[in-house]
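Taking full-length UniProt numbering, the leading residue of the sequence shown gets 1, the next gets one more, and so forth.
Below is one structure, written out as structure tokens; comments come after it.
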Amino acid sequence: MPMSINVATSRMAAYPAYTYPQNNSAVQQSSSGSYLTSREALLGLTRLIKTIEELENNISFSKSKEPGVSELISNQDLGLYTGATTATTLSSTEDINNYFTSYSPEQPAWQSFTSSDLTLHGTYDGTNGSGTAEFTVSQGGFRSVSAISIDVSLPNGGGTETITTSALDPASTIYTLSNGLGISLSAGYLADDDVASTTISLSTTESINPDNPFNGVDSNGPHFENEQFVSSGSFQVNGAVITVTDTDSVNSILSKINASSAGVTATFDAESEIIHLTHNTSGSANEIILSNDTSGFLEATKLANATQVRGLDHEPDMPFSSVSVFNQVSSGTLAVNGSNIALDVNSDTLNSVLSELNNAPGNVSAELTNASQRVSIAVLIEPYTLSLSSGSTQLFPSLKIADGDYLFKQTETISSASRKRSYRAANELKNFQAEFADAAVLLRQSAVERTNDFEEELYAIQEDYTKRYGAAALQSFGIKWRDFDQGLIDYSEATRKKFTKALQRNDKLEHILVGKNDADAGLLEQISTTIEAFVIKQARAGGHGQIVSLYA
């Protein structure tokens, strides 16, 4: 039952055999046994400080409190891109040389005195299978003077096709065959019955050679599909003029692009035979624009009709006006728990607004979870209330969170770990009660002075807590005050369950025993501080030979 200081004094009076010292010496002229008893009593009190520390630790972890529903979360994914920012790219639409047939040589040699070069062009469509195509001059003469006729014999029953030229045809004229191939004849003489041949095939071993010059022939050429020509000229990349000459190659043109002011990096992937252009600055705002090609390079490398793939922006860090998900958000003022936050859609971002919410005095925590693509707004302190108002901004509806006032309740979860902690706390309290009682008995048997003052301070703590919380409240938690030599505080075996459940489920008991915060020390801390002060006072006196030395 609760005690008062007067009651405590009467308890001490019940021990007539004990006489308190009346002089300044803590240890009277006594036997060595009395000295050892005094020392053991003080050492016992010193050990109690550690016992109280263990008790407080177990009490503090006897309850796991978690918010039941203390936050609002977007009711669906926002659909934002939350990955890393990427750069705009543009690539060849397919392999630069993607055809499945071939022919070689491209410029077959004549067997006789013909001086006009015959050059093959185009892409063989495979209709004549694999074999030898033979070219025979059936009507010769000078290319620029006479009409020339050449019979073309195709393999595998392809028959013979005749090509006839006119003296007025320019030297660049290409004469086509039915299988997709074509021939051109340079200036010079063609001898009657002279023969040249080439092999046409349904397979190809030719790949783009990015280092061969554009004017190279056969194995020395770049091997563009359809034997396309790249000639002297130029094209533009983002307005930067790239000059092309006949002796340039794919790689030399890519080097020119990289060295230009286009702000683009150009590379050739030999495995896929594709050219890739990548903008040097990440983000969707940066474009790659190809234009004004007079060289044929863009057509030959299949970049002429390529479509750029815009870079991606980390949208939580983009202005609201630049993010399609937030096209309903407007500039204005929003409020959270009474704190007003100005929003400018042209400069503010989702992350900047969430940061402002976290720093505002509304006691909330706001964050975007990239994995779930949802925003959560949590209440940090009691009372767990949240008031959201988008005003004219429409921000919270765009975040899939409704405007309004919310009241949250906290729920407590009792885990197996917290139960074990409460059981340990109960055991530690019993240990404290027993150890204190032993030390108190020794103390009363010793010659240590001012023990009565020490007892009165501890009884005063009991009285203070009885007044603050009420005897009925303390008893409802199973707490029972004890006399000085019986351990001060205890619970009976009948109330042990009540005590452990109160530790698990009731904030008030925790507040009584270990305090609410640093300013409110709690019952156990006050007892520990009183014990420590008493022991230190005696130890200091002992160092001067006036009292029992704990270090003897």
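Virtual Cβ for every residue (Gly too), placed ideally from N, Cα, C.
As the structure is a computational prediction, the values presented were derived from the model and not from experiment.
Kindly list the residues whose CB is nearer than 6 angstroms to the CB of Gly311, restricted to its own chain and excluding five residues on each side of it in sequence; keep chain order.
Your numbering for residue 311 matches position 311 in the sequence shown. Leaving aside the five residues that flank Gly311 on each side, the residues in its chain whose CB is nearer than 6 angstroms to its CB run, in chain order, Thr86, Ala87, Thr88, Ser282, Gly283, Ser284.
Tell me, please, which residues DSSP counts as bridged to Tyr175.
Here residue 175 refers to the residue found at position 175 of the sequence shown. Ile183.
Can you tell me the Cα-Cα spacing of Ile479 and Gly522, whole angstroms?
Mapped onto the sequence shown, residue 479 falls at position 479. Mapped onto the sequence shown, residue 522 falls at position 522. Each residue's Cα considered, the two are about 14 angstroms apart.
If distances are taken between C-alpha atoms only, which option among Ser321, Ala187, Ser172, Asp117 comes closest to Val145?
Along the sequence shown, read from residue 1 onward, the residue named residue 145 stands at position 145. The shortest C-alpha separation from Val145 is found at Ala187.
In chain order, what residues of the same chain have a beta carbon less than 7 angstroms from the beta carbon of Ala41, not counting five sequence neighbours either side?
Position 41 of the sequence shown, counting from 1, holds the residue named residue 41. So the qualifying residues of the chain are Ala439, Leu442, Leu443, Ser446, Val448.
Given this structure, state the Cα-to-Cα distance separating Asp194 from Gly157, to the nearest angstrom.
Against the sequence shown, residue 194 aligns to sequence position 194. Against the sequence shown, residue 157 aligns to sequence position 157. Spanning the two alpha carbons is a distance of roughly 22 angstroms.
Would you check if the distance between the CB atom of Tyr99 and the CB atom of Thr204 is smaller than 8 angstroms?
Numbered from 1 along the sequence shown, position 99 holds the residue referred to as residue 99. Numbered from 1 along the sequence shown, position 204 holds the residue referred to as residue 204. Against a cut-off of 8 angstroms, the Cβ pair of Thr204 and Tyr99 comes out as a contact.
Indicate the three-state DSSP secondary structure (helix, strand or coil) for Glu161 in the structure shown.
The sequence position of residue 161 within the sequence shown is 161, counting from 1. It is a strand residue.
Where Thr294 falls, given that 16 or more other Cβ within 10 Å makes a residue buried:
Position 294 of the sequence shown, counting from 1, holds the residue named residue 294. Within 10 angstroms of the beta-carbon of Thr294 lie fewer than 16 other beta-carbons, which makes it exposed.
Leu120: CB within 7 angstroms of a non-hydrogen atom of the ligand ZN
Looking for the ligand ZN in the displayed structure turns up nothing, as the structure carries no ligands at all.
Quick check on DSSP: helix, strand or coil for Leu43?
Position 43 of the sequence shown, counted from the start, is the residue given in the question as residue 43. The three-state secondary structure of Leu43, taken from DSSP, is helix.
Between the CA atoms of Val230 and Phe297 - distance to the nearest angstrom
On the sequence shown, residue 297 is found 297 positions in, with the first residue counted as 1. On the sequence shown, residue 230 is found 230 positions in, with the first residue counted as 1. When the Cα atoms are used, Phe297 and Val230 turn out to be separated by approximately 5 angstroms.
Mark Ala262 as exposed unless 16 or more other C-beta atoms lie within 10 angstroms of its C-beta, in which case mark it buried.
Locating residue 262 in the sequence shown gives position 262, counting from the first residue. The residue in question, Ala262, is buried, as its Cβ has 16 or more Cβ neighbours within 10 Å.
Assigned exposure category for Gln328 - 16 Cβ within 10 Å defines buried:
Residue numbering aside, residue 328 sits at position 328 when the sequence shown is read from its first letter. Exposed, since its Cβ has fewer than 16 Cβ neighbours within 10 Å.
Considering only their Cβ atoms, is the gap separating Arg143 from Leu181 smaller than 8 angstroms?
Position 181 of the sequence shown, counted from the first residue, corresponds to residue 181. Position 143 of the sequence shown, counted from the first residue, corresponds to residue 143. Taking the C-beta atoms as reference points, Arg143 is found no nearer than 8 angstroms to Leu181.
Could you check what DSSP says for Ile200 in three-state terms: helix, strand or coil?
Indexing the sequence shown from 1 puts residue 200 at position 200. Residue state, collapsed to three classes: strand.
Give me, in chain order, the residues of the same chain whose beta-carbon lies closer than 6 angstroms to that of Phe534; leave out the 5 immediate sequence neighbours on both sides.
Indexing the sequence shown from 1 puts residue 534 at position 534. Phe454, listed in sequence order.
Roughly how many angstroms separate the alpha carbons of Asn212 and Phe224, rounded to a whole number?
Residue 212 sits at position 212 when you count from the first residue of the sequence shown. Residue 224 sits at position 224 when you count from the first residue of the sequence shown. Whole-angstrom Cα-Cα distance: 11 angstroms.
Just list the beta strand (DSSP E) runs in the segment 416-453, keeping only unbroken ones of 3 residues or longer that don't cross its boundaries, in chain order.
Correct list: empty.
Exposed or buried, what is Ile536 when buried is set at 16 or more other beta-carbons lying within 10 Å of its beta-carbon?
Numbered from 1 along the sequence shown, position 536 holds the residue referred to as residue 536. With fewer than 16 Cβ atoms within 10 Å of its Cβ, Ile536 is classed as exposed.
Based on Cα-Cα distance, which residue from Asp151, Phe268, Thr243, Ser330 lies nearest to Asn292?
Here residue 292 refers to the residue found at position 292 when the sequence shown is read from its first residue. The residue with the shortest Cα to Cα distance from Asn292 is Thr243.
For Met3, count neighbouring C-beta atoms within 10 Å of its own C-beta (all shown protein chains included) and say buried if the count is 16 or more, exposed if not.
Taking the first residue of the sequence shown as position 1, residue 3 is located at position 3. Low confidence applies to Met3: its pLDDT is 33, below 50, so where it sits in the model is not reliable enough to give any reading.
Helix, strand or coil, according to DSSP, for Lys480 in the structure here?
One-based indexing of the sequence shown puts residue 480 at position 480. It is a strand residue.
When you compare only the Cα positions, how much space is there between Ile512 and Glu532?
Locating residue 512 in the sequence shown gives position 512, where the first residue counts as 1. Locating residue 532 in the sequence shown gives position 532, where the first residue counts as 1. Their backbone Cα atoms lie some 20 angstroms apart in a straight line.
Give me the Cα-Cα distance between Phe235 and Ser130, rounded to the nearest whole angstrom.
The residue you call residue 235 lines up with position 235 of the sequence shown. The residue you call residue 130 lines up with position 130 of the sequence shown. So the two alpha carbons sit approximately 38 angstroms from each other.
Which residue from Asn258, Ala266, Gly221 puts its Cα closest to that of Thr247?
As a first step, residue 247 is located in the sequence shown; it is residue number 247 there, counting from the start. Closest in C-alpha terms to Thr247, from the list Asn258, Ala266, Gly221, comes Gly221.
To test your reading of the DSSP string, which unbroken beta strand (DSSP E) runs of 3 or more residues are found completely within the segment 253-337?
The beta strand (DSSP E) runs of length 3 or more contained entirely in the segment 253-337 are, from start to end of the chain, 264-269, 274-282, 332-336.
Pair every Cβ in the segment 460-468 with every Cβ in the segment 421-430, then say whether three or more of these pairs are closer than 8 angstroms.
Result no; under three Cβ-Cβ pairs closer than 8 angstroms.
Val353: first and last residue of the uninterrupted alpha helix (DSSP H) it sits in:
Sequence index remark: in the sequence shown, residue 353 carries index 353 (1-based). Note, Val353: alpha helix (DSSP H), 350-359.
Less than 8 angstroms separating the beta-carbons of Thr46 and Phe432?
Taking the first residue of the sequence shown as 1, we reach residue 46 at position 46. Taking the first residue of the sequence shown as 1, we reach residue 432 at position 432. For the 8 angstroms CB-CB criterion, Thr46 and Phe432 do not form a contact.
Among Gln475, Gln486, Gly122, Val514, the one whose alpha carbon lies nearest that of Lys498:
Here residue 498 refers to the residue found at position 498 when the sequence shown is read from its first residue. Among Gln475, Gln486, Gly122, Val514, the Cα nearest to that of Lys498 is on Gln475.
By DSSP, does Pro67 sit in helix, in strand, or in coil?
Here residue 67 refers to the residue found at position 67 when the sequence shown is read from its first residue. The predicted model places Pro67 with a pLDDT of 46, which falls under 50 and marks its position as unreliable; any figure quoted below should be read in that light. Assigned with DSSP and collapsed to three states, Pro67 falls in strand.
Nearest-angstrom Cα distance between Ile253 and Val237?
The residue you call residue 253 lines up with position 253 of the sequence shown. The residue you call residue 237 lines up with position 237 of the sequence shown. Straight through space, the alpha carbons of Val237 and Ile253 are spaced by roughly 12 angstroms.
Between the alpha carbons of Asp151 and Thr136, how many angstroms are there, rounded?
By 1-based counting over the sequence shown, the position of residue 151 is 151. By 1-based counting over the sequence shown, the position of residue 136 is 136. About 5 angstroms.
Could you tell me the alpha carbon to alpha carbon distance between Thr385 and Asn363, rounded to whole angstroms?
Working through the sequence shown from its first residue, we reach residue 385 at position 385. Working through the sequence shown from its first residue, we reach residue 363 at position 363. Our two residues, Thr385 and Asn363, have alpha carbons roughly 10 angstroms apart in a direct line.
Under a three-way DSSP split, which group does residue 553 fall into?
Only positions 1 to 552 of the chain appear in the structure, and residue 553 is not among them; the question remains open.
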